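Chemist: Got a structure for you, written out below as structure tokens; questions coming shortly.
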Amino acid sequence: MEAFIHSVMDWFGMPTVGLPAIFIVAAVSATLIPMGSEPVLFAYVSLNPDDYWLAIGVAT
Numbered sequence: 008m009e010a011f012i013h014s015v016m017d018w019f020g021m022p023t024v025g026l027p028a029i030f031i032v033a034a035v036s037a038t039l040i041p042m043g044s045e046p047v048l049f050a051y052v053s054l055n056p057d058d059y060w061l062a063i064g065v066a067t
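First residue of the sequence shown: 8, per the working numbering; consecutive thereafter.
Listed below in structure tokens is the structure:
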């Protein structure tokens with residue numbers, strides 16, 4: 008189970024997957040479903056701290 012969690016986190020940390028996921032969650036939470044996009048943003052920035060401002064821009 009731990010290996011599965013690590014593989015999912017590695018997959019999510021890729022910019023080709025993580026940034027679109029941030030955009031989709033932010034757009035859905037702003038329009039359709041009242042939820043927060045901050046946990047997804049925090050998880051991505053934790054895995055890729057160099058992409059901090061890029062992730063903030065995508066979430067905005």
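Here a beta-carbon is modelled for each residue, glycine too, at the ideal position from N, C-alpha and C. Note that the structure is predicted; figures quoted are calculated from it, not measured.
When you compare each of Ala10, Thr38, Ile12, Val32 to Ala62 by their alpha carbons, which one comes out closest?
Modeler: Val32
Chemist: In chain order, what residues of the same chain have a beta carbon less than 7 Å from the beta carbon of Ser36, not counting five sequence neighbours either side?
Modeler: Met42, Gly43, Ser44
Chemist: Does Ala10 get closer than 9 Å to chain C when you measure Cβ to Cβ?
Modeler: Absent from the structure: chain C. Only one protein chain is present.
Chemist: Can Val65 and Phe11 be called in contact, C-beta distance under 9 Å?
Modeler: no
Chemist: Rounded to the nearest angstrom, what separates Ala34 and Asp57 at their Cα positions?
Modeler: 23 Å
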